[in-house]
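Each position in the sequence shown, counted from 1, maps to that position plus 26 in our numbering.
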Amino acid sequence: RENNSYTINTQEYGNLDYFPKANNLLIRKDNQWVKPGLDWVIENLLKNALDAIYGKGNITVTINDTGKQVTIDVSDTGKGIARQNITNVFKPGFTTKKRGWGLGLSLSKRIIDQYHKGQLFVKQSELGKGTIFRIVLHK
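Below is the structure:
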């Protein structure tokens, strides 16, 4: 962590430098500025779902194309999110994990909002039953 930046390691993109204090979301890979992708967001949601189910349970991705928009739901049968934490999950630095920086969901939301002009939100969550994150992309 230097100059208010974070390095995020991803399987597909390698190390990405994230600058959350900048006016716009800036991500640099190998000293080249890149536009972050939807695939990274989905990868992050899937990793979070995998953590939530502790290796036991189900993860489902549902894609629905209505003609005007595409919705992508990532649902799990994991531990769920406490009601008081739902408004905090997208805030930089917020985490309930023992290990982690609390940047994945914050970065994911900014990617969807700023670069794809869509929305990312918690559609539903219940403690002990699981969570559904929804991505809405307008055509």
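Built from N, CA and C at the ideal position, the CB exists for glycine as well.
Please read these numbers as outputs of a predicted model, since none were measured by experiment.
CA nearest to the CA of residue i, picked from the options
i	options	result
Gly104	Gln150, Gly119 and Lys135	Gln150
His164	Gly83, Thr97, Glu69 and Gly119	Thr97
Gly126	Glu69, Asn74 and Asp65	Asn74
Phe153	Phe116, Lys143, Arg109 and Thr86	The identity of residue 153 in the sequence shown is Leu, whereas the question assumes Phe. Per the Cα distances, Arg109.
Leu64	Leu129, Val148, Phe116 and Ser134	Ser134
Backbone CA spacing between residue i and residue j [nearest angstrom]
i	j	result
Lys123	Val67	18 Å
Phe159	Ser132	13 Å
Lys82	Thr121	21 Å
Asp77	His142	26 Å
Ile112	Thr92	27 Å
Asn84	Leu72	11 Å
Gln95	Asp102	23 Å
Asp99	Phe116	17 Å
Gly130	Lys155	22 Å
Thr88	Glu69	14 Å
Cβ neighbours of residue i in the same chain (closer than 6 Å, five flanking residues each side left out)
i	result
Gln145	Val162
Leu51	Any answer about Leu51 is weak, because its pLDDT of 46 lies below 50 and its placement is not dependable; what the coordinates show is given next. Closer than 6 Å at the Cβ level, and outside the excluded window around Leu51, lie Arg136 and Gln140.
Gly90	The sequence shown places Asn at residue 90, rather than the Gly named in the question. These residues qualify, in order along the chain: Thr97.
Collapsed DSSP secondary structure at residue i in the structure displayed
i	result
Lys124	coil
Lys73	helix
Val115	coil
Gly130	helix
Lys149	strand
Lys155	coil
Asn49	Low confidence applies to Asn49: its pLDDT is 40, below 50, so where it sits in the model is not reliable, and the reading given next is rough at best. Three-state DSSP puts Asn49 in coil, outside helix and strand.
Neighbourhood of residue i by C-beta distance below 7 Å, restricted to the same chain and skipping five residues each side
i	result
Val148	Ile107, Ile112, Val115, Thr157 and Phe159
Pro118	Pro46, Gly128, Leu129 and Ser132
Tyr79	Note that residue 79 corresponds to Ile in the displayed sequence, not to Tyr. Closer than 7 Å at Cβ, skipping near neighbours: Ile85, Asp102, Thr103 and Gly104.
Interface flag, residue i vs chain B, CB-CB below 8 Å
i	result
Thr103	In the structure shown, chain B cannot be found, because there is only a single protein chain.
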